[in-house]
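Colleague: Before we start, here is the structure in question, set down as C-alpha cells.
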Amino acid sequence: CGAMLLLLIGVFAGDKRSTWVTLGCVALLVVTAVLVAAMPDTRTTAFGGTVVLDGFARFTKLLVLAGSAIAMLMSLDYLRDEKLTRFEYPLLVTLATLGMLTMVSANDLIVLYVGLELQSLALYVLASFARDNARSTEAGLKYFVLGALSSGMLLYGASLLYGFTGSTGFEGITAALTRDGVSLGVQVGAAFVLAGLVFKISAVPFHMWTPDVYEGAPTPVTAFFAAAPKIAAMALIARFIFGALGPAEGVWLQILAPVSVASMIWGALAAIGQTNIKRLMAYSSISHMGYALIGFVAGTQEGVYGVLVYLVIYLAMTVGTFVCIMMMRRDGQQVENVSDLAGLSDRDPTTAYMLAILMFSLIGIPPLAGFFGKWYVFLALVHTAAEHPWMYTVAVVGLVTSVVGAYYYLNIVRVMFFDKPAPQFEKPLGTVNAALLGASTAFVAASVIVLAPLVDAASAAAKSLFP
C-alpha cells in the first residue's frame, strides 16, 4: 500500500519530486524494518502455512531492508549527475524488496516463485533504467532473456517435485521424501529448482549474465544487484534445502558442492584480467557467493550461521566499494577503469585508505571483517569433513582461490598508491555517500568489536531452521 501511495505521488508530482519519493521509500523500508524487528521470536505461519516467519526470516529480512535502503540513499547524487532522477527508480527498488521479503518467508513452491518473479521483474527494468544508454539497454535485455530461462527451469523443477511428492508446501515435500524416499524424479526436480535459484546468486555455471549486466547497468543499480537480491536468494536456497529437501541431503550436496568450487575458481581466475572495475566486482561477487555456499555444503546449523555472518560482512564491503566507484567521474561522465584510480592516495588520501581497507577485507586479511566471514564458513566445513572427507578438498580449493583472488584486489591498492596520478575526479563524495563509506569501513575495520553480537544473532537465526 505504501509503494502504491508513493507511486501516485510520483505520477502527480513528476520527476521534480523524485528525491522526496526516494526518501519516502527509504522511510517505508525503515518502518517495515522496525515492524519486522518487533515481531516475536516464535515461529508463525500464515496463508495456510505457505508463508513462515521465524528467527531466520527476521534476520535476513532486516539485512535485505538495510541493503535496499542503503542502495537508494547512495544513488541520490549519481542519478542527479547522470540526469536519471525519475521517481520510478526508488519504487522499483521498493517493489523488488517486497519480492525479496516474500522469498525469505516462502514455505511453498508457489510463494517461492511469486516472490522470485516480483523481484526479478523489477530488476529487469532497473538494469535498463538508463534507457538512452546502449550498454544499459543491452544489460536489461540480457538479464531478462537469461532470467526468463532460469525461471522456466525453476518452474519445471517445481512441477516435478509436485508430481512426485503430491505437495508444493515444504513440509509436505519433506514428509513425502521421508515416507517414500528420494526418487529419480525428485532428484531431477530438485536439480532444476536449485539451478533457477543458483542463477539469482550468479554462481557458476549460471553466472554468464553477471559481468555484462554489472558493467552496463547504472552503478547504483549494480551496487543494488550485488547486495540485497543475493542475500535474499541465499536465504531462499537455505529455506529450500533445509526446509523441503532435508531428507534428500545427498542430492543437493552433489549440486551445491561443485557449484561452490566452480564459482570460487572461475571468479578468482576470470577477475585477474579485468580492467573495468565493475566487471572485476562482478567476478568478485561470483567468487564470494562460492565462499558463502561453503556454509550450505557443510549442511549444519554452524554452516548456516556462518553464511549469515558472511552475508552481513559482504554487504558492508560491497556498499563501501561501490560508493568509491560512484565517485569516479571526469568531464561529466562516469569512468570505470581500474587505471582511473591511479594516484588516488595523492589526490584523496582518506578515500584511498578506506578503499584499501575494503580491498584487504575482500581478500580476507585478519583482523578485518572479511577474514572472519571466511573463517566461520570454513570452520563449519572442516567440522563436518570428519564425516565427509571430500569436504577437505572444497576447503583447500577455497584457501587457494583466496590467495589467487588477492592479486586483483592488491592490484587496485597498487594502482592507488604507487602509479602516476591520473586526473582529478570531478568532485568529492557527497555527505550521504561519505557517511556510508565511513560507516562501512569502520564496520570492516572494527569487526572484532561487533562480531560477538553479530554471531549471536546469526546463530539464533540459524537455529530456527533446525527445529
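Quick note on our numbering: the sequence shown kicks off at 163 and runs consecutively. Cβ coordinates follow ideal geometry from the N, Cα and C atoms, glycine included. Computed from a prediction, not measured in an experiment: that's the story for all the values here.
1) For residue 514 versus residue 578, is the C-beta distance shorter than 7 Å?
2) Counting pairs of Cβ atoms below 8 Å between the segment 250-257 and the segment 300-309, do you hit three or more?
3) Give every residue of the same chain whose Cβ lies closer than 8 Å to the Cβ of residue 507, excluding the five residues on either side of it in the sequence, and list them in chain order.
4) Pick from 553, 193, 219 and 208: whose alpha carbon is nearest that of residue 620?
5) Less than 7 Å between the C-beta atoms of residue 393 and residue 226, yes or no?
6) What's the gap between the Cα of residue 360 and the Cα of residue 413?
7) Quick one: Cα of residue 183 to Cα of residue 190, how far?
8) Can you tell me whether residue 549 sits near the ligand FAD, meaning its C-beta is under 6 Å from at least one heavy atom of the ligand?
9) When the distance is taken between beta carbons, is residue 354 closer than 7 Å to residue 396?
10) Do the segment 432-449 and the segment 334-353 make contact, defined as three or more Cβ pairs closer than 8 Å?
11) So what does residue 642 bridge to, in DSSP terms?
12) How long is the line joining the alpha carbons of residue 475 and residue 532, rounded to whole angstroms?
13) In this structure, does DSSP put residue 331 in helix, strand or coil?
14) Could you give the DSSP three-state label for residue 495: helix, strand or coil?
15) Count Cβ pairs between the segment 201-213 and the segment 261-272 that sit closer than 8 Å; are there 3 or more?
16) Tell me whether the beta-carbon of residue 501 lies closer than 7 Å to the beta-carbon of residue 606.
17) So for residue 438, helix, strand or coil by DSSP?
18) Going by other Cβ atoms of all chains shown within 10 Å of its Cβ, with 16 needed for buried, is residue 131 buried or exposed?
19) Could you say which of 336, 429, 332 and 494 lies nearest to residue 367 if we only look at CA atoms?
20) Under 7 Å, do residue 265 and residue 595 count as touching if we go by C-beta distance?
21) Please classify residue 244: is it buried, with 16 or more other beta-carbons within 10 angstroms of its beta-carbon, or exposed?
22) From residue 240 to residue 545, what does the alpha carbon distance come to, in whole angstroms?
23) Does residue 471 get closer than 7 Å to chain B when you measure Cβ to Cβ?
24) Counting beta carbon pairs with one atom in the segment 406-425 and one in the segment 277-293, are three or more of them shorter than 8 Å?
25) Enumerate in chain order the residues of its own chain whose CB-to-CB distance from residue 298 is below 8 Å, with the five nearest sequence positions on each side excluded.
26) Could you tell me the boundaries of the alpha helix (DSSP H) in which residue 420 lies?
27) Distance, Cα to Cα, residue 589 vs residue 489?
28) I need the DSSP call for residue 342, collapsed to helix, strand or coil.
29) CB residue 344 to CB residue 410, shorter than 7 Å?
30) Does residue 374 come out as helix, strand or coil in the three-state DSSP assignment?
31) Do you know offhand how far residue 627's Cα is from residue 401's?
32) What does a CB cutoff of less than 6 Å around residue 436 pick up in its chain, not counting 5 residues either side in sequence?
33) Do you know offhand how far residue 575's Cα is from residue 479's?
Modeller: Checking against the coordinates, here is how it stands:
1) yes
2) no
3) 514, 515, 578 and 579
4) 219
5) yes
6) 15 Å
7) 10 Å
8) Summarising the ligand content, the structure contains no ligands, and the ligand FAD is consequently not present.
9) no
10) no
11) The displayed coordinates of the chain run from 163 to 629. Any statement about residue 642 would go beyond what the structure contains.
12) 7 Å
13) strand
14) strand
15) yes
16) no
17) strand
18) For the chain, the structure presents residues 163 to 629; residue 131 sits outside this window and is missing.
19) 429
20) no
21) buried
22) 45 Å
23) Here chain B cannot be found, since the structure has a single protein chain.
24) no
25) 289, 290, 291, 292, 378, 379 and 380
26) 411-433
27) 8 Å
28) helix
29) yes
30) helix
31) 7 Å
32) 442
33) 15 Å
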